[in-house]
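Have a look at the structure below, then the notes.
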Amino acid sequence: MRHAAYPLFVCAALALAPALPTPALAAAPSPSPAPAAAAAAPNVNLRFEKYTLDNGLEVVLHRDPAAPLITVNVWYHVGSGDEVVGKSGFAHLFEHMMFQGTKHTGQDVHFKILEAIGASEVNGSTTTDRTNYYQTVPRHHVETALWLESDRMGFVLDALTEESFRNQVDVVRNERRQRYDNQAYGRARFALAAALYPEGHPYRYLTIGLHEDLDNASLEDVRAFFRKWYVPSNATLVVAGDFEIADMKALVAKWFGTLPTRHRPKPSYAAPPTLAKSVSVEVSDPFAKLAQVQWVWLTPANLAKDSLELMAAAEILGAQGWGRLYKRLVVDEQLCSVVWAGVDPKAFNGELHVVARVKPGLDRDRVSDIIKQEVDRLVAAPPSAAELNRVVVNTESAFVWSLEDLSERADQLQWFNHYTGDPGFMSTYLARLRALTPAAVHAAAARWLTKPHAQIITVPAAAAGAAPNPSAPEEGE
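Its first residue numbered 7, the sequence shown is counted upward by one per residue in the numbering used here.
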């Protein structure tokens, strides 16, 4: 399953033109001089048309005749951040249920139909903020893909049975065991969430959910979840590829326009948490081979003030091959085999992570000391212009080059539309990226990286000589 935390991709059928007029971010900093290498770069805009059906479904059409392919991508504006206490994991569980068939297709037929028409990149994914479904099909089979998406948007409940529901609960619980409970460093993720987020906050339970919540879920719970969130007015359809706009509008109206109008649910909101003091948790992990030191700060919400500056700060600290921590911990002192840093921006708040895996027998306390030293250095003085320019150039290059992929392009239009209401917001995003200055990155680091943080130390169980730490939930918790 994919998750694009920050927009490091977009697409083709590009218009290299002056930035389209878009609303400025409410909390965005004033423009400032951009690094020289990035200042001359052209702005990148995707041509698209956005409109809304009478039932509230948002539609974004992006035409690219370069290849006889079309991507159909649907985002439902619901994720694990919309769940309530006692019902964690429902957004992800329902993602699984959406592939089980409808009253028109029958059980387990969805994938078979797509396979028969030569579809590729067929999948779905769930994050804290949204759930998506996508497929790329040959141009002449796009109507089949549109029918399948509209069919499950309107008729999936008719096919849900207790048997199919319980089967998918078991599938999701096994997924948690494989990817979290019995995976190296998986327990640290639960320990981190418990350290950062108080009881009742939806980010505390991770998208996968708690075993007991999944086990206690009822078929009626899932039906209620669908009726509330899986409505046309809470979804966005992006179609990208080789088609004529007028023809595609007619097909969209044919398959989605007759779905009934239902009230769009009020968006969820959880206040950003704060830590009164820094916390440190040690997790015993029987699957980890190396000790891991992880420092995490709470940061602003996605695309809010300082979010892009903190992305740059994380890159300066942990970029592979040249980041400050990479150079000290991997190259110079050779204490670690893996070092990285990055941001995880979400709707309610974000997180900045620094992660280092310590070589066998070496001092993890020394690793923590070096992390603190390098964070303090970034807080004390601005990064060099060369460091920041490297971040800007690398980030923009990855962003633009990935536009070649049609499926990623559709997802990027969805990403910006979800967080800003404007699929074309990438021009503003790129302008903000190019406008970053060492002083702005330093100021953001000083504002956020001086706050209390969480430190999660993962210790291989054999080295720890202790039972698993209760902060890392076991199966059934």
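Here a beta-carbon is modelled for each residue, glycine too, at the ideal position from N, C-alpha and C.
What you are looking at is a predicted structure, and each value in this text was computed from that prediction instead of being measured.
Ends of the alpha helix (DSSP H) at Ser403?
Looking at the DSSP string, the run of the alpha helix (DSSP H) that includes Ser403 is Ala391 to Trp407.
Buried or exposed for Gln106, going by 16 or more other Cβ atoms inside 10 Å?
Buried.
Between the Cα of Ala391 and those of Arg233, Leu202 and Ile322, spot the shortest distance and give me the residue it belongs to.
Of the candidates Arg233, Leu202 and Ile322, the one whose C-alpha sits nearest the C-alpha of Ala391 is Ile322.
Would you decide whether Phe117 is buried or exposed? Buried here means 16 or more other CB atoms lie within 10 Å of its CB.
Burial call: exposed.
Residues in the same chain with beta-carbon distance under 6 Å from Thr464, minus the five sequence neighbours each way, listed in chain order, please.
If we look at Thr464 and ignore the five residues flanking it on each side, its Cβ neighbours are Tyr191, Ala194, Val289, Asp291, Ala294 and Gln298.
What are the partner residues of Gln379, as DSSP defines its beta bridges?
Per DSSP, none; premise fails for Gln379.
Alpha carbon to alpha carbon, how far is Thr111 from Met104? Give it in angstroms, no decimals.
Looking at the two C-alpha atoms, the distance is approximately 12 Å.
Which of helix, strand or coil does DSSP assign to Ser38?
Caution is warranted here: a pLDDT of 37 is assigned to Ser38, below 50, making its placement in the model unreliable, and the coordinate value is therefore given only provisionally. In the structure shown, Ser38 sits in coil (DSSP, three-state: anything other than H, G, I, E or B).
Cutting at 6 Å between CB atoms, please list the residues of its own chain near Glu64, excluding the five before and the five after it.
Counting only Cβ-Cβ distances below 6 Å, and skipping sequence neighbours, we find Thr58 and Thr242.
How many Å lie between Phe161 and Glu226 at the Cα?
Taking the straight line from one Cα to the other gives about 16 Å.
What are the residues that DSSP puts in a beta bridge with Glu149?
Looking at the DSSP assignment, Glu149 forms no beta bridge with any residue, so it has no partner.
With burial defined as no fewer than 16 other Cβ atoms inside 10 Å of the residue's Cβ, what is the status of Asp164: buried or exposed?
With fewer than 16 other Cβ atoms within 10 Å, it is exposed.
Along the beta strand (DSSP E) that carries Ser286, what are the first and last residues, could you check?
Ser286 -> beta strand (DSSP E) spans Val285 to Asp291.
Pick from Leu442, Arg372 and Lys365: whose alpha carbon is nearest that of Pro389?
Of the candidates Leu442, Arg372 and Lys365, the one whose C-alpha sits nearest the C-alpha of Pro389 is Leu442.
Using the rule of at least 16 other Cβ atoms within 10 Å of the residue's Cβ for burial, across every protein chain shown, is His359 buried or exposed?
The residue is buried, with at least 16 neighbouring Cβ atoms inside 10 Å.
If Gln420 and Asn138 are in contact, beta carbons under 8 Å, what's the gap, nearest whole angstrom?
Their Cβ separation, rounded to whole angstroms, is 7 Å, which keeps Gln420 and Asn138 in contact under 8 Å.
So Val228 is in the alpha helix (DSSP H); what residue range does that whole segment cover?
Residues Leu225 to Trp235.
Where do the N-terminal and C-terminal ends of the alpha helix (DSSP H) with Arg69 fall, by residue?
First-last for Arg69: Glu64 to Arg69, but that is the beta strand (DSSP E), not the alpha helix (DSSP H).
Let's test the definition: count the other Cβ atoms within 10 Å of the Cβ of Ile251 and tell me whether it reaches 16, buried, or not, exposed.
With fewer than 16 Cβ atoms within 10 Å of its Cβ, Ile251 is classed as exposed.
May I have the straight-line CA-CA distance separating Asp187 from Pro466, to the nearest angstrom?
Whole-angstrom Cα-Cα distance: 14 Å.
How far does the beta strand (DSSP E) with Arg363 in it reach, from first residue to last?
Unbroken beta strand (DSSP E) run through Arg363: Gly356 to Val364.
Go ahead and pull the three-state DSSP assignment for His102.
If DSSP states are grouped into helix, strand and coil, His102 belongs with the helices.
Rounded to whole angstroms, what's the CA-CA distance from Pro444 to Asn400? Just pull it up for me.
Near 16 Å, if we compare the C-alpha coordinates of Asn400 and Pro444.
Taking Leu212 as the reference, give the member of Lys352, Lys457, Arg69 and Leu384 with the closest Cα.
Taking only the C-alpha atoms, the option nearest Leu212 is Lys352.
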